[in-house]
Amino acid sequence: MEGGHSEKMYEMLLRIRMVEERIGELYAEQQMRCPVHLSIGQEAVAAGVCEALGKKDTVMSGHRAHAHYLAKGGNLKKMVAEIYGRETGCCMGRGGSMHLVDLRANFIGSTPIVGGTIPIAMGLVWAAKMKKEKQVSVIFLGEGTTEEGVFHESLNFAALHNLRVLFVCENNLYSVYTPLNERQSNRPRTGIAKANGLYADVGDGNKALEVYEKTQKALQHIRSDRGPAFLEFSTYRWREHCGPNYDNALGYRTEEEFELWKKTDPLVQLEKAGKFTEEYTVSVRSRLDKEIAEAFAFAKKSPYPKKSEINPRLSYAE
Amino acid sequence: MPSKRVITGAAAIQEAIDQSMAKDPNVFVVGEGVPDPKGVFGTTVGLREKYGKNRVWDMPLSENAMTGAAIGAAISGMKPILVHQRLDFALLSLDQIINNAAKWFYMFGGQQSVPLVIRMVIGHGWGQGAQHSQNLQALFAHIPGLKVVMPSQPADAKGLLFASIQDPNPVIFLEHRWIHSAVGDVPKKFYTTPIGKANITHKGSDITIVSSSYMALESLRAAQLLAKLGISAEVIDLRTISPLDETSIFRSVRKTGRLLVVDSAWTNGGIAGEIITRVVTKDMSILKAMPARIGLPNMPTPSSPGLTKYYYPNLETIMKSVCDVLRKDASSIKKIIAEDPSLQSVPHDVPNSSYMGPF
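Sequence lines, in order, name chains H and W.
The UniProt record's numbering numbers the first residue of the first sequence as 1 and each following residue consecutively.
The UniProt record's numbering numbers the first residue of the second sequence as 1 and each following residue consecutively.
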């Protein structure tokens with residue numbers, strides 16, 4: 001691994017963790033009046049994949065998108081302001097947490113219909129192919145998404161036309177409260193990808209370095225025009241499906257399972273792997289603390305959109 | 001229009017696509033069977049040969065993914081034309097149309113528009129039945145962010161398709177199968193017919209008939225025959241269902257004082273109800289008689305010609321309804337229709353006698 005990647009991934013992973021924890025802390029104030037799907041526990045996939053991408057490569061995602069947006073370089077202040085419903089938000093308060101966009105960072109958009117952005121991400125590089133552009137389009141999806149028809153339709157079309165798509169599946173074992181074994185036969189999703197002609201691999205999604213390396217290999221495959229790729233990373237959502245709390249008490253998963261996964265904390269693993277000094281980690285934390293405090297202050301002092309924004313004409317581009 | 005070149009609606013649509021592709025390298029066409037020998041009822045023939053595989057695409061039977069892919073291409077600066085040989089097939093892509101195409105511009109703060117045209121063929125007759133001919137314009141018109149276009153005249157089909165391709169928003173372009181075979185003067189040049197503007201196809205003073213697509217052609221024939229009964233009917237061809245040209249409708253009804261809306265769809269929750277509501281809630285005092293509407297019975301479309309002859313409204317239904325609104329004697333309508341030489345011996349389930357099926 002070349003110098004700097006570990007540090008950059010660590011700083012991004014920690015940044016995502018701290019932003020999500022701050023949302024969790026402040027959610028009870030009732031000022032973030034929209035659903036929030038926190039990425040805590042799953043940050044390494046976003047940090048590892050995006051570290052391997054170039055600026056021109058695009059990223060799209062679904063409902064749990066904070067990590068992907070931030071890892072691709074999405075503007076933090078605009079994301080927090082969006083969650084607060086303010087006019088300074090990345091969607092001017094029209095989207096909330098489940099609709100994030102930062103075109104300057106080539107984060108093209110996230111939406112909360114499971115699978116909804118998959119074909120759009122594919123369309124970006126379908127257009128690129130027609131325009132003879134070379135960027136890669138990354139679509140983050142959960143393992144539940146692989147149950148949607150549009151996933152299968154898209155794998156086929158991407159492979160048929162050799163489109164530069166990287167499908168990144170975060171397998172966190174649950175769709176809301178429903179475990180994988182109540183939803184899917186004992187099938188490897190990589191097998192589905194391979195059957196469609198894609199390059200496919202699995203990895204430990206809580207090891208950022210492994211995610212980074214596997215992504216690099218997949219990108220090499222894609223960039224040499226050998227076809228699209230599918231990567232599945234195992235990981236685990238710590239908090240409730242939607243909201244700031246822990247929900248193990250509901251009984252859909254055991255405390256033991258949760259504790260086992262917590263021991264594989266992606267942040268702790270990367271700290272160890274990177275052999276970072278305490279001086280370094282403390283200074284990163286303090287810098288991020290300041291940045292995050294500023295972002296939340298910016299959001300809270302930003303105004304709400306104006307009443308004149310309720311106007312049917314705004315549904316249409318001029 | 002100066003041109004005197006009579007071509008079919010299908011040829012007009014093909015010409016609009018051809019000329020758009022010649023003019024703008026970002027325009028491309030995709031759909032099941034687009035480059036096949038029949039070319040979607042002739043509307044896409046010759047395009048693959050002329051513009052190549054990179055601009056004229058066939059596609060897997062994956063309506064939802066391909067609609068999403070077209071949205072992705074549209075937000076990347078391309079101008080896709082997505083084609084469905086039946087509207088009913090496009091229902092598999094309602095997620096992408098309603099959740100994404102319609103809302104992308106608004107929900108992301110107006111940063112990315114979706115210049116996407118989705119052509120859907122709707123129909124009538126020849127036993128197409130419950131799942132091969134649905135007229136769901138009201139369903140799409142219900143969704144903010146979509147525009148819904150429904151031409152009746154070949155010249156408008158061409159001009160509106162140009163306008164739809166140039167529009168920065170997703171446009172649902174509904175082509176009635178019977179419009180494909182309708183003929184009319186179509187200028188050869190490039191021109192646009194504005195979206196959202198209705199056209200008065202027959203001037204009159206006793207009653208306003210508001211209609212669209214194929215039923216606008218039937219309404220026009222009805223108005224011509226009604227003159228024999230001394231009734232002066234004004235026919236408004238909406239051309240666009242969303243946004244509705246409320247101004248033209250209201251101006252005409254203010255003049256005639258009477259309103260009949262003729263739709264090709266079910267009446268329940270339909271466009272006809274919407275139009276009547278807009279007139280009545282704006283100024284009921286302009287109406288001299290109760291407004292009326294014609295649509296399909298609220299039940300799935302049957303296949304048998306023995307049933308469809310009672311199912312579809314037609315010239316006679318329209319003429320009778322006009323007489324009802326005007327409280328005029330309708331007893332000679334059958335005779336007037338029977339005496340018209342242009343209407344002879346065409347079975348009720350085909351647009352003209354050249355149709356031998358299957359289509």
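Note that the Cβ used here is the ideal one computed from N, Cα and C, for glycine as well.
As the structure is a computational prediction, the values presented were derived from the model and not from experiment.
Counting Cβ pairs closer than 8 Å, one from the stretch 45 to 60 of chain H and one from the stretch 212 to 219 of chain H, do we hit at least three? yes
With distances taken from CA atoms, which of H:Leu-250, H:Glu-87, H:Asn-172 and H:Val-136 is nearest Ala-218 (chain H)? As a working mapping, residue 218 (chain H) is identified with position 218 in the first sequence. The candidate whose alpha carbon is nearest that of Ala-218 (chain H) is H:Val-136.
Residues that Asn-99 (chain W) bridges to, as DSSP identifies them: In the second sequence, residue 99 (chain W) corresponds to position 99, counting from 1. For Asn-99 (chain W), which the question treats as bridged, DSSP gives no partner whatsoever.
With DSSP as the reference, label Asn-186 (chain H) as helix, strand or coil. In the first sequence, the residue the question calls residue 186 (chain H) occupies position 186. Residue state, collapsed to three classes: coil.
For Glu-153 (chain H), collect the residues of the same chain with a Cβ closer than 8 Å to its Cβ; drop the 5 residues on either side in sequence, then sort them by chain order. Against the first sequence, residue 153 (chain H) aligns to sequence position 153. Closer than 8 Å at Cβ, skipping near neighbours: Pro-119.
Ordered along the chain, which non-local residues of its own chain (more than five positions away) have a Cβ less than 7 Å from that of Met-1 (chain H)? Mapped onto the first sequence, residue 1 (chain H) falls at position 1. For Met-1 (chain H), the predicted structure reports a pLDDT of 44, less than 50, and the residue's modelled location is therefore unreliable. The matter cannot be settled from this model.
Does the stretch 167 to 187 of chain W come within contact of the stretch 305 to 313 of chain W, defined as at least 3 CB pairs closer than 8 Å? no
Establish whether the CB of Tyr-106 (chain W) and some CB of chain H are separated by less than 9 Å. Counting from 1 along the second sequence, the entry for residue 106 (chain W) is found at position 106. By this cut-off, Tyr-106 (chain W) is an interface position.
So what does DSSP say about Met-120 (chain W), is it helix, strand or coil? As a first step, residue 120 (chain W) must be located in the second sequence, where it is residue number 120. Looking at Met-120 (chain W) - three-state DSSP - the assignment turns out to be strand.
Within 9 Å (strictly less), CB to CB, does Met-1 (chain H) reach chain W? One-based indexing of the first sequence puts residue 1 (chain H) at position 1. Only weak support exists for where Met-1 (chain H) lies, its pLDDT of 44 falling under 50; the coordinates are left without a value.
Using the Cα positions of Glu-339 (chain W) and Pro-300 (chain W), report the straight-line distance between them to the nearest angstrom. For this step, residue 339 (chain W) is matched to residue 339 along the second sequence. For this step, residue 300 (chain W) is matched to residue 300 along the second sequence. Straight-line Cα distance between these residues: approximately 33 Å.
In chain order, what residues of the same chain lie with their CB nearer than 8 Å to the CB of Glu-15 (chain W), ignoring the 5 residues before and after it? Here the question's residue 15 (chain W) lines up with position 15 in the second sequence. Around Glu-15 (chain W): Ile-7, Lys-158, Val-186 and Lys-188.
Given this structure, state the Cα-to-Cα distance separating Lys-4 (chain W) from Phe-190 (chain W), to the nearest angstrom. One-based indexing of the second sequence puts residue 4 (chain W) at position 4. One-based indexing of the second sequence puts residue 190 (chain W) at position 190. In a straight line, the C-alpha of Lys-4 (chain W) is about 15 Å away from that of Phe-190 (chain W).
Report the three-state DSSP secondary structure of Ala-65 (chain H) (helix, strand or coil). The residue given as residue 65 (chain H) occupies position 65 in the first sequence. Coil, per DSSP.
Using a Cβ-Cβ distance cut-off of 9 Å, determine whether His-99 (chain H) contacts chain B. This model lacks chain B altogether, as its protein chains are H and W.
Roughly how far, in whole angstroms, is the beta-carbon of Ser-113 (chain W) from the beta-carbon of Ile-122 (chain W), given that I think they are within contact range, below 8 Å? Your numbering for residue 113 (chain W) matches position 113 in the second sequence. Your numbering for residue 122 (chain W) matches position 122 in the second sequence. Their Cβ separation, rounded to whole angstroms, is 26 Å, which puts Ser-113 (chain W) and Ile-122 (chain W) out of contact at 8 Å.
Alpha carbon to alpha carbon, how far is Ile-75 (chain W) from Ser-342 (chain W)? Give it in angstroms, no decimals. The count along the second sequence starts at 1 and reaches residue 342 (chain W) at position 342. The count along the second sequence starts at 1 and reaches residue 75 (chain W) at position 75. Straight-line Cα distance between these residues: approximately 48 Å.
Please classify Tyr-310 (chain W) as buried or exposed, where buried requires at least 16 neighbouring CB atoms within 10 angstroms. Along the second sequence, read from residue 1 onward, the residue named residue 310 (chain W) stands at position 310. Flag for Tyr-310 (chain W) reads exposed.
Pick helix, strand or coil for Ser-211 (chain W), following the three-state DSSP scheme. Position 211 of the second sequence, counted from the start, is the residue given in the question as residue 211 (chain W). Here Ser-211 (chain W) sits in strand by DSSP.
When the distance is taken between beta carbons, is Arg-258 (chain W) closer than 9 Å to Ala-315 (chain W)? Here residue 315 (chain W) is taken as the residue at index 315 of the second sequence, counted from 1. Here residue 258 (chain W) is taken as the residue at index 258 of the second sequence, counted from 1. For clarity, residue 315 (chain W) is Leu in the given sequence; the question names Ala instead. Not in contact: Leu-315 (chain W) and Arg-258 (chain W) (Cβ atoms no closer than 9 Å).
Asp-247 (chain H) - DSSP class collapsed to helix/strand/coil: Position 247 of the first sequence holds residue 247 (chain H). Here Asp-247 (chain H) sits in coil by DSSP.
Relative to the alpha-carbon of Lys-77 (chain H), which residue among H:Ser-308, H:Phe-296 and H:Ala-317 has its alpha-carbon at the smallest distance? As a position in the first sequence, residue 77 (chain H) is number 77, starting the count at 1. When only C-alpha atoms are compared, the closest one is H:Phe-296.
Selection of the stretch 51 to 80 of chain W by Cβ proximity to chain H, strictly under 8 Å: Asn-54, Arg-55, Met-59, Pro-60, Ser-62, Asn-64, Ala-65, Met-66, Thr-67, Gly-68, Ala-69, Ala-70, Ile-71, Gly-72, Ala-73, Ala-74, Ile-75, Ser-76, Gly-77 and Met-78
Quick one: list the residues of chain H neighbouring Asp-95 (chain W), beta-carbon separation under 7 Å, in chain order. The count along the second sequence starts at 1 and reaches residue 95 (chain W) at position 95. Under the 7 Å cutoff, chain H gives Ile-113 and Gly-116.
Spell out the partners DSSP gives Cys-169 (chain H) in its beta bridges. As a working note, residue 169 (chain H) is residue 169 in the first sequence. DSSP output for Cys-169 (chain H) lists H:Leu-141 and H:Glu-232 as bridge partner(s).
Indicate whether Glu-218 (chain W) and Pro-313 (chain W) have their beta-carbon atoms separated by less than 9 Å. Locating residue 218 (chain W) in the second sequence gives position 218, where the first residue counts as 1. Locating residue 313 (chain W) in the second sequence gives position 313, where the first residue counts as 1. Yes. Within cutoff.
State the Cα-Cα distance for the pair Met-1 (chain W) and Thr-256 (chain W), rounded to the nearest angstrom. As a working note, residue 1 (chain W) is residue 1 in the second sequence. As a working note, residue 256 (chain W) is residue 256 in the second sequence. Bear in mind that the predicted position of Met-1 (chain W) carries a pLDDT of just 49, short of 50, making it unreliable; the figure below should be weighed with that in mind. The straight-line gap from Cα to Cα measures roughly 28 Å.
On the CB-based measure, 16 or more other CB atoms within 10 Å of its CB, does Asp-206 (chain W) come out buried or exposed? Within the second sequence, residue 206 (chain W) is the residue found at index 206, counting from 1. So Asp-206 (chain W) counts as buried.
Give me the Cα-Cα distance between Asp-58 (chain W) and Gly-74 (chain H), rounded to the nearest whole angstrom. Position 58 of the second sequence holds residue 58 (chain W). Position 74 of the first sequence holds residue 74 (chain H). Roughly 36 Å between the two C-alpha positions.
Output needed in chain order: residues of the stretch 188 to 204 of chain H with a Cβ under 9 Å from some Cβ in chain W. none
Please list the terminal residues of the continuous beta strand (DSSP E) segment that includes Gln-199 (chain H). Translated into positions along the first sequence, residue 199 (chain H) becomes position 199. Here residue 199 (chain H) is Tyr; the residue named in the question, Gln, does not match the sequence. Where Tyr-199 (chain H) is concerned, the enclosing beta strand (DSSP E) stretches over 199 to 204.
Helix, strand or coil for Met-78 (chain W), going by three-state DSSP, please let me know. Reading the second sequence from its first residue, position 78 is the one you call residue 78 (chain W). Of the three classes helix, strand and coil, the one that applies to Met-78 (chain W) here is coil, per DSSP.
Cross-chain neighbours of Gln-166 (chain W) in chain H, by beta carbon under 8 Å: Numbered from its first residue, the second sequence carries residue 166 (chain W) at position 166. In chain order: nothing, as chain H lies at least about 12 Å away.
Anticipated Cβ contact below 8 Å, Met-78 (chain W) with Phe-28 (chain W), distance rounded: Taking the second sequence and counting its residues from 1, one reaches residue 78 (chain W) at position 78. Taking the second sequence and counting its residues from 1, one reaches residue 28 (chain W) at position 28. Yes, they are in contact, since the Cβ atoms of Met-78 (chain W) and Phe-28 (chain W) sit about 6 Å apart, within 8 Å.
Within 10 angstroms of its Cβ, does Gly-89 (chain H) collect 16 or more other Cβ (buried), or is it exposed? On the first sequence, residue 89 (chain H) is found 89 positions in, with the first residue counted as 1. That one is buried.
Taking Cβ positions, are Ile-179 (chain W) and Gly-295 (chain W) nearer each other than 9 Å? For the purposes of this step, residue 179 (chain W) is taken as the residue at position 179 of the second sequence. For the purposes of this step, residue 295 (chain W) is taken as the residue at position 295 of the second sequence. Result no, Cβ atoms of Ile-179 (chain W) and Gly-295 (chain W) do not sit closer than 9 Å.
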